[in-house]
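Here the structure comes first, spelled out in structure tokens, and everything after it is commentary.
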Amino acid sequence: MILVDQLRFPQWIPARPGGTGLPPNIAGLSRRSVSFARHYTASNDCSPARATLLTGLYTHQTGCMITGGSTLEPGFPTWGTMLREHGYHTRWFGKWHLTRHDNWWTRNEGERALESYGFAGGIYPSPDGAPGQGWRRDPRIAGRFAEWFGQDGGAEPWCATVSFVNPHDIAWWYVWSERIRAEATAASVARRLPPNFETPEMLIEHNKPRLQRSLQDTAASSFGAVPFTGPDATRIWLNFLDLYMKLQREVDRHVGNVLRALHSQPKVAANTVILFTSDHGEYGGSHGLRGKGAGVYEEAIRVPLMVSDPRGVLTRAPEQTRSSVDVAALLLTIATGSDAWRSDPHYAHISGRHDLASILADPASPGRPYVLHATDEIVTEFAIEPYVASAPLHVVGLRTPAAKYATYSNWPPGVIDPLYQGAESELYDYRTQAGRLELANEAGRSPLEDSLRAQLERAVAEELRAPLPWHLGPQQRRGLADYHATAARAARGAATMRRLRSERGLGRFDWPEAGVRDAHRGPLTREPPPRSR
Numbered sequence: 109m110i111l112v113d114q115l116r117f118p119q120w121i122p123a124r125p126g127g128t129g130l131p132p133n134i135a136g137l138s139r140r141s142v143s144f145a146r147h148y149t150a151s152n153d154c155s156p157a158r159a160t161l162l163t164g165l166y167t168h169q170t171g172c173m174i175t176g177g178s179t180l181e182p183g184f185p186t187w188g189t190m191l192r193e194h195g196y197h198t199r200w201f202g203k204w205h206l207t208r209h210d211n212w213w214t215r216n217e218g219e220r221a222l223e224s225y226g227f228a229g230g231i232y233p234s235p236d237g238a239p240g241q242g243w244r245r246d247p248r249i250a251g252r253f254a255e256w257f258g259q260d261g262g263a264e265p266w267c268a269t270v271s272f273v274n275p276h277d278i279a280w281w282y283v284w285s286e287r288i289r290a291e292a293t294a295a296s297v298a299r300r301l302p303p304n305f306e307t308p309e310m311l312i313e314h315n316k317p318r319l320q321r322s323l324q325d326t327a328a329s330s331f332g333a334v335p336f337t338g339p340d341a342t343r344i345w346l347n348f349l350d351l352y353m354k355l356q357r358e359v360d361r362h363v364g365n366v367l368r369a370l371h372s373q374p375k376v377a378a379n380t381v382i383l384f385t386s387d388h389g390e391y392g393g394s395h396g397l398r399g400k401g402a403g404v405y406e407e408a409i410r411v412p413l414m415v416s417d418p419r420g421v422l423t424r425a426p427e428q429t430r431s432s433v434d435v436a437a438l439l440l441t442i443a444t445g446s447d448a449w450r451s452d453p454h455y456a457h458i459s460g461r462h463d464l465a466s467i468l469a470d471p472a473s474p475g476r477p478y479v480l481h482a483t484d485e486i487v488t489e490f491a492i493e494p495y496v497a498s499a500p501l502h503v504v505g506l507r508t509p510a511a512k513y514a515t516y517s518n519w520p521p522g523v524i525d526p527l528y529q530g531a532e533s534e535l536y537d538y539r540t541q542a543g544r545l546e547l548a549n550e551a552g553r554s555p556l557e558d559s560l561r562a563q564l565e566r567a568v569a570e571e572l573r574a575p576l577p578w579h580l581g582p583q584q585r586r587g588l589a590d591y592h593a594t595a596a597r598a599a600r601g602a603a604t605m606r607r608l609r610s611e612r613g614l615g616r617f618d619w620p621e622a623g624v625r626d627a628h629r630g631p632l633t634r635e636p637p638p639r640s641r
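The structure is reproduced here in structure tokens:
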């Protein structure tokens with residue numbers, strides 16, 4: 109499993125006819141793979157997306173909803189623990205980001221820190237997505253895999269996860285990336301803004317949920333204010349896209365090193381299935397947004413998924429819809445050689461996940477009728493930063509081949525309810541051009557809304573909040589309790605920040621002890637210290 113961070117399915121750039129939009133090594137892997145065109149992450153930001161990918165469970169089932177705050181409870185089965193039960197040696201190389209103190213493992217703990225999650229290995233200290241970590245840490249991650257593979261790759265059956273940081277470094281543009289020499293300049297690749305670029309005023313005009321405007325404000329506060337209009341606006345946003353492509357090319361070099369290490373032992377490579385995916389995407393300027401949270405736009409939730417099987421067992425598939433919540437089940441099917449595990453009560457928690465292996469074996473097999481998506485991590489990740497306090501912060505969305513529908517809600521303390529009263533809504537009808545670009549929010553006026561709302565409610569009940577088997581009950585209770593405790597701490601932090609601003613007469617974009625940089629006019633005030641995302 110090769111996992112990268114913040115790589116969306118190619119959209120808008122580069123816009124060369126016939127191009128894949130992928131850098132060379134990943135593009136070559138795509139040509140040798142079943143490459144899924146409509147694969148979606150079930151959650152936006154790093155930790156929740158990774159927890160869903162590893163366990164096959166939704167964030168509302170595990171309680172791992174908060175990047176930088178949540179911990180995935182060790183008792184939840186991962187593909188590491190499940191494959192070990194079938195005789196596989198499972199190792200992890202690189203970014204983990206599912207425990208609070210990833211960066212503080214001791215050197216002695218580094219090799220065994222992930223044992224409770226079913227993996228040997230790890231990287232000391234574990235990258236958590238701080239500024240410039242991709243440039244510094246990805247070479248070592250690829251090197252650690254190559255070193256291990258050269259010694260042990262031809263021995264017992266194994267499943268290795270190589271988890272890179274980049275192109276996540278884009279998350280720190282503009283303020284922090286300009287300080288890193290390797291990121292300060294990038295070749296000109298982007299020629300035009302995305303066709304669905306929106307200014308803050310357009311978000312209001314198009315009836316978009318307030319949370320998206322809040323994300324623009326938070327990005328300006330944390331990473332530097334960027335103009336949306338004026339003579340410099342287009343150039344600055346194109347520089348952003350150029351850097352995003354540069355970071356993709358950078359991680360591609362290390363993906364190539366991993367693939368070359370694998371093929372240095374041809375007999376092993378001939379019997380090794382390769383999966384490639386990303387935890388989540390990147391807005392890349394679409395809708396005037398940076399990052400990946402606070403919404404369900406295609407750029408943030410549609411990600412690559414490639415499966416390369418040199419044995420020829422898996423074949424090419426058409427464009428069915430699939431979800432990251434199904435990947436753990438796919439790995440279990442590949443490892444065991446069949447789907448007989450689905451009748452084992454031990455795997456009841458994921459036995460109902462969609463059968464991706466059937467699509468890989470038979471292109472005529474149907475895909476998912478919908479994908480379900482939830483993002484709640486913004487409630488605490490941004491709680492100490494400026495945001496519209498009244499904006500509903502919890503998002504749950506349903507994406508079908510024909511439309512997308514999402515609700516945004518606020519929860520009282522101690523409550524987890526994705527359909528809580530007072531929600532704002534978002535609806536895009538893909539039968540129209542404006543709908544396909546996700547520009548025209550048709551919520552409140554579309555004849556599709558009632559049926560989509562009913563379908564979302566069923567999906568929430570049957571998947572997002574589906575009861576877990578009794579043997580996972582203790583893990584779930586601990587995970588949800590951890591979420592509530594973290595949310596309460598963040599609420600107290602937000603209250604303290606508001607009080608400090610009030611006492612010191614600061615505006616919503618001023619930090620009590622730090623400030624921001626304006627992307628086109630230089631320093632404005634003191635800058636905030638880097639934070640893990």
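Residue numbering for the sequence shown follows our numbering, beginning at 109 and increasing consecutively. We treat Cβ as the ideally placed atom computed from N, Cα and C, and that holds for glycine.
Alpha carbon to alpha carbon, how far is residue i from residue j?
i: S285; j: Q114; result: 16 Å
i: A567; j: H197; result: 35 Å
i: P247; j: E358; result: 10 Å
i: L111; j: V411; result: 11 Å
i: P235; j: G399; result: 18 Å
i: E557; j: E407; result: 23 Å
i: A327; j: S517; result: 21 Å
i: D57; j: D387; result: The structure shown does not extend to residue 57, since the chain is modelled only from 109 through 641, so no value can be given for it.
i: D525; j: T508; result: 22 Å
i: G396; j: R539; result: 23 Å
i: L422; j: G164; result: 21 Å
i: T443; j: F305; result: For clarity, residue 443 is Ala in the given sequence; the question names Thr instead. A443 and F305: Cα-Cα distance of roughly 43 Å.
i: G195; j: P308; result: 54 Å
i: G549; j: E264; result: A small correction: the amino acid at residue 549 is Asn; Gly does not occupy that position in the sequence shown. Near 53 Å, if we compare the C-alpha coordinates of E264 and N549.
i: L413; j: L383; result: 7 Å
i: T207; j: R220; result: 14 Å
i: R116; j: N274; result: 12 Å
i: L564; j: S151; result: 16 Å
What first and last residue would you give for the alpha helix (DSSP H) that runs through residue i?
i: H168; result: 167-170
i: R252; result: 241-260
i: I134; result: 132-139
i: K354; result: 341-371
i: W578; result: Here W578 belongs to no alpha helix (DSSP H), and DSSP marks it neither H nor E.
i: L439; result: 435-444
i: V376; result: 374-377
i: T189; result: 187-192
i: A511; result: Run containing A511: none in the alpha helix (DSSP H); it sits in the beta strand (DSSP E), 511-517.
Just to confirm the assignment, what range does the beta strand (DSSP E) spanning residue i have?
i: G202; result: 197-202
i: Y225; result: Looking at the DSSP string, Y225 is not in any beta strand (DSSP E), and its letter there is neither H nor E.
i: V504; result: 502-507
i: L111; result: 110-112
i: L301; result: From DSSP, L301 is part of no beta strand (DSSP E); its letter is neither H nor E.
From the DSSP output, in three-state form, read off residue i for me.
i: K316; result: coil
i: Y528; result: coil
i: M414; result: strand
i: T594; result: helix
i: W449; result: helix
i: S151; result: coil
i: R430; result: strand
i: V568; result: helix
i: G229; result: strand
i: H462; result: coil
i: A333; result: strand
i: H205; result: coil
i: L545; result: coil
i: S533; result: strand
Considering only residues of the same chain and omitting the five flanking positions on each side of residue i, which have a CB-CB separation below 6 Å?
i: V376; result: G261, G262
i: R140; result: S416
i: S224; result: P182
i: Y591; result: G171, M173
i: A569; result: none
Can you list, in chain order, the residues of its chain whose CB lies under 7 Å from that of residue i, leaving out five sequence neighbours each side?
i: H276; result: D113, Q114, G237, G242
i: I278; result: Q114, L351, Y352, L355, E390
i: D648; result: Past the edges of the chain, shown from 109 to 641, lies residue 648, and the structure says nothing about it.
i: D360; result: P131, P132, N133, I134
Going along the chain, which residues of its own chain have a beta-carbon closer than 8 Å to the beta-carbon of residue i, five neighbours each way excluded?
i: K512; result: V404, G505, L506, E534, L535, Y536, Y538, E546
i: I199; result: The sequence given here places Arg at residue 199; Ile does not occur at that position. Result list for R199: F227, A228, G229, W256, W266, C267, A268, T269, in chain order.
i: E303; result: The residue asked about is misnamed: residue 303 is Pro in this sequence, not Glu. Excluding residues within five positions, the ones whose Cβ falls inside 8 Å are W120, L545.
i: L588; result: G171, I524
Could you say if the region 249-258 and the region 172-189 meet the contact criterion of at least three C-beta pairs nearer than 8 Å?
-> no
Any 3 or more C-beta pairs closer than 8 Å across the region 334-352 and the region 430-448 = no
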